[in-house]
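Colleague: After the structure tokens below, expect a handful of questions from me.
Residue numbers (my numbering): 1 to 71.
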């Protein structure tokens, strides 16, 4: 069973670190492709402002929704 701390760590990794890691992995492949095909691409990271939908403490909110299992 996952504790609140582990759930918060998982959310953080998925929400913040995941975009960074994906960009880093894609960048290597894009450099290789650009060298072999002479075509350049771009990576666009899009974020959300959903965090503005509520006011208060983010950690308390995440603990509350994990306790109620709303996901």
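All C-beta atoms, glycine included, are put in the ideal place defined by N, C-alpha and C.
From residue 15 to residue 38, what distance separates their C-alpha atoms?
Modeller: 33 Å
Colleague: Buried or exposed for residue 4, going by 16 or more other Cβ atoms inside 10 Å?
Modeller: exposed
Colleague: Do you know how far the Cα of residue 42 is from the Cα of residue 60?
Modeller: Our two residues, residue 60 and residue 42, have alpha carbons roughly 37 Å apart in a direct line.
Colleague: Could you check the C-alpha separation between residue 62 and residue 35 for me, to the nearest Å?
Modeller: Answer to the nearest angstrom: the Cα atoms are 44 Å apart.
Colleague: Taking 6 Å as the limit between beta carbons, can you name the residues of its chain near residue 26, skipping five residues before and five after?
Modeller: Within the same chain, residue 26 has close Cβ partners 43.
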